[in-house]
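Step one of this worksheet: look at the structure below.
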Amino acid sequence: MHCSPDLRPLPHNLILEFVSIDARGNVTQCDCWVTSYPDYWFGNIFAPQSFSELLQKSGARRRFQARPEALMKHESCLGCEYLSICHGGCPVRTYSITGDSFVKDPYCQVYKAIFSTIEKIALNTASASRRRSLPALRMR
Ligand code: SF4
105 MHCSPDLRPL
115 PHNLILEFVS
125 IDARGNVTQC
135 DCWVTSYPDY
145 WFGNIFAPQS
155 FSELLQKSGA
165 RRRFQARPEA
175 LMKHESCLGC
185 EYLSICHGGC
195 PVRTYSITGD
205 SFVKDPYCQV
215 YKAIFSTIEK
225 IALNTASASR
235 RRSLPALRMR
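To convert, note that position 36 of the sequence shown is 140 in our numbering; the numbers rise steadily by one, no gaps.
Laid out in structure tokens, this is it:
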């Protein structure tokens, strides 16, 4: 289970953990947004308000914070075995392709294929490692 009963999903989601600031002082979620989408800037660090005020008053930031809950309610992510590492995919790629950041990443099937392949490789590696270490254990 990846979210609490009140649909506060993904406690380790990084939306609250970092921001990106460009050389002109514009603040947003990541460098892709700050480069391409002024409507998604949170504000500017050279404006008179404090950085805390900037973050608290930003409607754009509130939209980012609302995305996980929207995905849990309206997309198939809640039942996905890779939700805890995928989080519905990249918001800026999703917005760039669909014009809507409140849907899951259009590369969903690609993510699933990549995660599944990595999972198989990791399991095979762990299994081979265990087999290699068994003779050493028997010698004790
Ligand atoms: S892989 Fe697809 S369904 Fe799973 S969390 Fe990512 S976007 Fe959602």
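Glycine is no exception: its CB is placed at the ideal position from the N, C-alpha and C atoms.
Compare the beta carbon distance of Val138 and Asn130 with 8 Å and say whether it is the shorter of the two. Taking the first residue of the sequence shown as position 1, residue 138 is located at position 34. Taking the first residue of the sequence shown as position 1, residue 130 is located at position 26. Yes, they are a contact pair.
Could you tell me whether any non-hydrogen atom of ligand 1 is closer than 7 Å to the CB of Glu223? Position 119 of the sequence shown, counting from 1, holds the residue named residue 223. No, the beta carbon of Glu223 sits no closer than 7 Å to any heavy atom of ligand 1.
Using the DSSP secondary-structure output, state which residues sit across from Ile125 in a beta bridge. For the purposes of this step, residue 125 is taken as the residue at position 21 of the sequence shown. Note: Ile125 sits in a beta bridge opposite Val131.
Around the Cβ of Val196, are there at least 16 other Cβ atoms within 10 angstroms (buried) or fewer (exposed)? Here residue 196 is taken as the residue at index 92 of the sequence shown, counted from 1. Val196 is buried by the Cβ-count criterion.
Same chain, Cβ closer than 8 Å to Thr202, neighbours up to 5 away in sequence not counted: Within the sequence shown, residue 202 is the residue found at index 98, counting from 1. These residues qualify, in order along the chain: Pro210.
Looking at C-beta atoms only, is the number of pairs between the region 176 to 192 and the region 212 to 230 that lie closer than 8 Å three or more? Short answer: they touch.
3 or more residues per run - each beta strand (DSSP E) lying fully within the region 179 to 208: DSSP runs (the beta strand (DSSP E)) wholly in the region 179 to 208: none.
Can you say whether Pro172 is buried or exposed, counting buried as having 16 or more other CB atoms within 10 angstroms of its CB? Looking up residue 172 in the sequence shown gives position 68. Buried: at least 16 other Cβ atoms inside 10 Å.
Member of Ser233, Gly147 and Phe168 whose CA lies at the smallest distance from the CA of Leu158: As a working note, residue 158 is residue 54 in the sequence shown. Ranking the options by Cα distance to Leu158, first place goes to Gly147.
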